[in-house]
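Residue numbers (our numbering): 5 to 422.
Ideal Cβ positions, reconstructed from N, Cα and C, are used throughout, including at glycine.
Working notes for the structure below.
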């Protein structure tokens with residue numbers, strides 16, 4: 005017969021064992037959670053509708069600064085990247101202009117004075133492109149910025165994106181721009197002899213579009229000039245394609261020859277290009293919403309017309325594909341994929357990454373979380389080592405994570421994998 009003391013001893017041991025098991029399960033759960041979400045840092049969340057970031061070193065301090073259009077807030081703001089010890093705090097900022105319906109903002113030295121200006125693209129009912137002139141004083145002083153309308157843009161279309169590019173090798177830099185919906189096209193604004201006079205800039209359409217999402221500047225045929233790679237989510241030319249620069253002279257003012265890459269009849273969202281296999285030719289990597297996947301398009305030779313397609317399905321635990329970026333997130337020498345999504349009105353993981361190593365074998369794609377569970381509308385991913393610890397962090401905007409919400413704003417996620 006077991007004594008009362010022995011019974012008490014056995015019971016106590018079982019309780020201790022159960023307690024230890026319970027604590028172990030808690031530790032495992034905390035560890036998994038810590039590995040599945042990255043630490044969030046806020047650059048600015050004071051307005052509503054942060055809609056993408058563009059980067060440039062505007063004050064020549066060796067650190068990339070940010071310009072962002074706040075669509076619902078109706079303002080364009082500049083952010084100066086602080087020293088590494090202050091990088092996790094909110095960044096110094098200034099409003100460079102009032103921009104209702106702003107969709108995008110980008111740095112561009114519009115008058116060739118070595119002081120980067122800011123260009124804002126406005127959609128909605130506004131349908132204008134604004135130039136915010138940098139007077140070269142204190143860039144964090146609102147009086148440093150003077151806003152003017154690029155005259156030829158006024159009322160032409162809903163403007164989505166712009167990129168500076170020297171097209172005709174004359175005068176100052178020109179401006180590639182494109183829009184969406186009615187009368188939408190991609191083309192370029194020709195810089196005049198006096199680029200400060202915005203009334204003299206001329207518009208040249210090079211191709212119709214439906215709803216432009218990406219404008220990438222690449223020499224696709226290795227002929228020495230810059231072509232344009234685009235993703236277009238709507239219209240008859242829906243998909244991913246590149247437009248061949250027609251060369252010098254008056255021919256540049258005509259339509260540019262269209263070359264399809266892929267994603268025809270798919271709602272192609274943001275895209276990027278990267279040499280994934282080290283053969284010297286970049287692949288086109290496209291986030292597409294129709295099938296909710298990442299499409300990789302490869303060509304074997306420079307002048308191949310047909311591009312081979314590989315589709316990678318996005319897991320059901322996240323939202324609709326919005327953008328994709330390529331980089332070595334875990335520093336194993338293999339390219340990984342970082343994907344942002346829109347979760348609609350569902351609580352899901354809106355920002356995820358795919359271990360590229362899992363694509364080299366027979367195992368299933370290894371998706372991992374970056375953001376926490378919430379209702380989200382992320383924009384285009386940018387990869388940059390903000391905390392200077394040697395790995396790539398994720399810089400992004402989150403426009404609106406719920407009805408009547410201002411969104412997370414301009415934010416970055418700290419890579420914990422190093």
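Close Cβ partners of residue i (< 6 Å) along its chain, the five nearest in sequence each way excluded
i: residue 185; result: 162
i: residue 371; result: 319, 356 and 358
i: residue 92; result: 45
i: residue 317; result: 297
i: residue 279; result: 286
Collapsed DSSP secondary structure at residue i in the structure displayed
i: residue 314; result: strand
i: residue 48; result: strand
i: residue 297; result: strand
i: residue 118; result: coil
i: residue 80; result: strand
i: residue 257; result: helix
i: residue 327; result: strand
i: residue 147; result: helix
i: residue 12; result: Confidence in residue 12 is poor, its pLDDT being 41 and thus under 50, which makes the residue's placement unreliable; the coordinate value appears in the next sentence. Looking at residue 12 - three-state DSSP - the assignment turns out to be helix.
i: residue 157; result: helix
Cβ shell of residue i (< 8 Å), same chain only, five flanking positions each side left out
i: residue 11; result: Model confidence at residue 11 stands at a pLDDT of 40, short of 50, so the residue's coordinates are unreliable; what they give is reported in the following sentence. Here the set comprises nothing.
i: residue 266; result: 243, 244, 288, 290, 299, 301, 311 and 313
i: residue 239; result: 188, 212, 213, 214 and 215
i: residue 101; result: 79, 80, 122, 124, 134, 136, 149 and 151
i: residue 413; result: 46, 47, 48, 49, 50, 51, 54, 401 and 402
i: residue 146; result: 98, 99 and 100
Where the beta strand (DSSP E) containing residue i begins and where it ends
i: residue 2; result: Outside the shown range of the chain (5 to 422) lies residue 2, about which nothing can therefore be said.
i: residue 372; result: 370-373
i: residue 354; result: Neither: residue 354 is in no beta strand (DSSP E) and is coded neither H nor E.
i: residue 262; result: 261-266
i: residue 138; result: 132-138
i: residue 417; result: 413-418
i: residue 110; result: 106-112
i: residue 207; result: 206-212
i: residue 245; result: 243-248
i: residue 183; result: 178-184
i: residue 91; result: First-last for residue 91: undefined, no H or E at that position.
i: residue 397; result: 397-402
Interface flag, residue i vs chain D, CB-CB below 9 Å
i: residue 337; result: Reference to chain D is not applicable here, since this structure consists of a single protein chain.
CA-to-CA distance, residue j to residue i, given in whole angstroms
i: residue 36; j: residue 362; result: Model confidence at residue 36 stands at a pLDDT of 34, short of 50, so the residue's coordinates are unreliable and nothing is read from them.
i: residue 118; j: residue 138; result: 10 Å
i: residue 236; j: residue 219; result: 9 Å
i: residue 321; j: residue 62; result: 39 Å
i: residue 150; j: residue 234; result: 31 Å
i: residue 348; j: residue 295; result: 16 Å
i: residue 205; j: residue 247; result: 22 Å
i: residue 384; j: residue 197; result: 35 Å
i: residue 462; j: residue 221; result: There is no way to answer for residue 462, as the model of the chain reaches only from 5 to 422.
i: residue 122; j: residue 411; result: 24 Å
i: residue 422; j: residue 273; result: 30 Å
i: residue 140; j: residue 64; result: 12 Å
i: residue 31; j: residue 373; result: For residue 31, the pLDDT reaches just 35, beneath the cut-off of 50, and the residue's location in the model is therefore unreliable, although a value from the coordinates is still provided. Roughly 19 Å between the two C-alpha positions.
i: residue 181; j: residue 43; result: 35 Å
i: residue 324; j: residue 270; result: 13 Å
i: residue 386; j: residue 201; result: 33 Å
i: residue 131; j: residue 364; result: 46 Å
i: residue 353; j: residue 194; result: 43 Å
Cβ shell of residue i (< 7 Å), same chain only, five flanking positions each side left out
i: residue 223; result: 229, 230 and 231
i: residue 397; result: 388, 389, 390, 391, 416, 417, 418 and 419
i: residue 303; result: 285 and 311
i: residue 376; result: 41
i: residue 340; result: 331, 332, 333, 334, 357, 358, 359 and 360
i: residue 4; result: No information on residue 4 is available, as it lies outside the stretch 5 to 422 that the chain covers here.
Point to revise | Inter-stretch contact (C-beta, 8 Å, three-pair minimum) for the segment 102-116 and the segment 49-60 | key: yes
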